[in-house]
Amino acid sequence: MVVLGEKVRCIDLETKKEIPKRTIEIHWSEKSAEKGSYAHFMMKEIMEQKTTIAETINQNETVIKKVADEIKNAFGTYLIGCGTAGKVCLTASYLFSRVAKKHVNAVFGSEFGSHKHFLTKDSLLIAVSQSGETADTLEAMEIAKEKGCKLITIVNVESSTMARMADIVIPIKVGPEKAVASTKATTAQLTVLTQIAYALAGKLNEGKQLLIAAASQINDMLNPRYEDHIKELAEKIKGVESMYIIGKDVNYPMALEAAIKLQEVSYIHAEGFAGGELKHGPIALITEGTPVIAIVANDETKKDILSNAMEVKARGGYIIGVSPETSEIFDYWIKVPDAGAASPIVNIIPIQILAYHLSVIRQNNPDMPRNLAKSVTVK
Ligand code: M6R
Numbered sequence: 006m007v008v009l010g011e012k013v014r015c016i017d018l019e020t021k022k023e024i025p026k027r028t029i030e031i032h033w034s035e036k037s038a039e040k041g042s043y044a045h046f047m048m049k050e051i052m053e054q055k056t057t058i059a060e061t062i063n064q065n066e067t068v069i070k071k072v073a074d075e076i077k078n079a080f081g082t083y084l085i086g087c088g089t090a091g092k093v094c095l096t097a098s099y100l101f102s103r104v105a106k107k108h109v110n111a112v113f114g115s116e117f118g119s120h121k122h123f124l125t126k127d128s129l130l131i132a133v134s135q136s137g138e139t140a141d142t143l144e145a146m147e148i149a150k151e152k153g154c155k156l157i158t159i160v161n162v163e164s165s166t167m168a169r170m171a172d173i174v175i176p177i178k179v180g181p182e183k184a185v186a187s188t189k190a191t192t193a194q195l196t197v198l199t200q201i202a203y204a205l206a207g208k209l210n211e212g213k214q215l216l217i218a219a220a221s222q223i224n225d226m227l228n229p230r231y232e233d234h235i236k237e238l239a240e241k242i243k244g245v246e247s248m249y250i251i252g253k254d255v256n257y258p259m260a261l262e263a264a265i266k267l268q269e270v271s272y273i274h275a276e277g278f279a280g281g282e283l284k285h286g287p288i289a290l291i292t293e294g295t296p297v298i299a300i301v302a303n304d305e306t307k308k309d310i311l312s313n314a315m316e317v318k319a320r321g322g323y324i325i326g327v328s329p330e331t332s333e334i335f336d337y338w339i340k341v342p343d344a345g346a347a348s349p350i351v352n353i354i355p356i357q358i359l360a361y362h363l364s365v366i367r368q369n370n371p372d373m374p375r376n377l378a379k380s381v382t383v384k
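Here the sequence shown is numbered in the working numbering, starting from 6 and rising by one per residue.
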């Protein structure tokens, strides 16, 4: 780096050529990095979803359509992420199948090495990340780059290593996410991927309308009464040792994501399952009073997941329904808006709130859970 007066020039030490500057406009305000009136960043960031989803919809349409074309023409697309971002990728693989009838692979960054044998220069890798610095996801990008694949990233930090490596960058634009547990970045990543799925089906406008409706429903949903209702549930179940979450289709990966959220901030043993898998083993874990969250979308999956919840109830389980409509099976009902194909976006939010309150009631620090870092930059 050569500093001349106020000017800074970067020189490639091998070629001695100047490296052109990339200008990135960051719209984050100083205020967005402060807690304001909230006790913790986690709750502040959950509540910010009243506006972040609407802001994320506002993407450059040309870029969204370009990414959809890349997927259409690729010889295999891999959605890569870790932790929550990995669950977002898995949700998107269901969405792409449902909305665009297109198969995409969802692979955790740490597992991607085993897939490298399938890559050609026509394969496409889409890295999903909040920080853009997660070592396992970066390694997947390096592997794909070596094979000559095109790289796309859906990322929050626009100055990150992932953004610099990628051929196309889709910023999720949610401002700084400071709590270790990902909340607003999760729903924004889902928002972008939903748009891409609709663009791939040639129905971007329809997708945007669906998301605009969901954003407005979320704005209405996130009110103090709603939070109190969930806090009441947290009080009821605060002493449990284990809890489980079931979902189907796009809401199966959301059950996995719900488990991560509960694990990392409440330290309660939580596991997510595909509802239909219960009878193949996990149902043996249900005893009298075991809380089981059933994520029930108002679609063709409803009958099956309610029947799975019924199997749990028959074994003494305490059923918490996250659903637009109540059911006699539910012992506790958390109402969510009926958001159609955007249901994963709305369904995860009450579970984020539940995880937060369980954390606070159990006297944990939801912003800085034990043993975890916001950005995992080591393998
Ligand atoms: O910054 P990234 O989105 O790449 O981080 C990936 C995971 O480490 C992250 O999502 C982690 O699972 C969260 N703490 C979950 O809330």
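Ideal Cβ positions, reconstructed from N, Cα and C, are used throughout, including at glycine.
Owing to the predicted nature of the structure, the values given are computational and were not obtained by experimental measurement.
CB of residue i to nearest heavy atom of the ligand M6R: below 8 Å?
i      : result
GLN135 : yes
GLY404 : It is not possible to answer for residue 404, since the shown part of the chain is limited to 6 through 384.
ALA190 : yes
SER115 : no
LEU377 : yes
THR139 : yes
VAL185 : yes
THR142 : yes
VAL197 : no
LYS266 : yes
SER164 : no
VAL112 : no
SER380 : yes
GLU276 : no
GLU60  : no
GLU269 : yes
State the start and end residues of the unbroken alpha helix (DSSP H) segment that holds residue i.
i      : result
ILE175 : ILE175 -> not in any alpha helix (DSSP H); beta strand (DSSP E) instead, spanning 173-176.
ASN110 : It is not in any alpha helix (DSSP H) - ASN110 instead sits in the beta strand (DSSP E) that spans 110-113.
LYS70  : 66-78
ASN156 : In the sequence as displayed, the identity of residue 156 is Leu instead of Asn. Careful: LEU156 lies outside any alpha helix (DSSP H), inside the beta strand (DSSP E) at 155-160.
PRO229 : 229-242
TYR43  : Per DSSP, TYR43 belongs to no alpha helix (DSSP H) and is neither H nor E.
PRO349 : 348-366
LEU205 : 189-205
GLU147 : 140-151
VAL245 : Neither: VAL245 is in no alpha helix (DSSP H) and is coded neither H nor E.
ARG169 : 166-170
VAL317 : 307-319
Could you give the DSSP three-state label for residue i: helix, strand or coil?
i      : result
ALA263 : helix
ILE223 : helix
GLU282 : helix
MET373 : coil
ILE291 : coil
GLU50  : helix
ARG103 : helix
SER332 : coil
PRO181 : coil
GLY137 : coil
SER380 : coil
Work out the CA separation of residue j and residue i for me, nearest whole Å.
i      : j      : result
GLU53  : LYS22  : 44 Å
TYR323 : THR306 : 21 Å
ILE251 : TYR257 : 7 Å
ARG169 : VAL162 : 10 Å
ILE353 : GLY91  : 15 Å
ILE356 : ILE298 : 9 Å
THR67  : LYS213 : 14 Å
MET146 : ILE201 : 20 Å
ILE148 : GLY118 : 7 Å
HIS285 : LYS71  : 42 Å
ALA220 : ILE175 : 19 Å
PHE363 : VAL351 : Note that residue 363 is Leu in the sequence shown here, rather than Phe. Going from the Cα of LEU363 to the Cα of VAL351 covers about 20 Å.
ALA260 : ASP74  : 30 Å
CYS94  : ASP309 : 24 Å
THR192 : ASN228 : 18 Å
LEU377 : VAL327 : 28 Å
CYS154 : ILE242 : 48 Å
LYS49  : ILE339 : 21 Å
THR166 : GLU138 : 6 Å
ILE173 : SER187 : 23 Å
ALA289 : GLY207 : 45 Å
LEU18  : VAL160 : 29 Å
So residue i is in the beta strand (DSSP E); what residue range does that whole segment cover?
i      : result
LYS340 : 337-340
PHE278 : 274-279
Based on DSSP bridge pairs, tell me the residues matched to residue i.
i      : result
GLY83  : A small fix is needed here, since residue 83 is Tyr in this sequence, not Gly. DSSP lists ASN110, LEU130 as partners of TYR83.
ALA397 : Examination of residue 397 is not possible in this model, given that the chain is present from 6 through 384 alone.
ALA218 : In the DSSP output, where bridge partners are listed per residue, ALA218 has none listed.
GLU269 : Paired residues: none, contrary to the question.
GLU23  : ILE16
Can you check whether the C-beta of residue i is within less than 9 Å of a C-beta belonging to chain C?
i     : result
VAL68 : Annotation note: the requested chain C is absent from the structure, which comprises a single protein chain.
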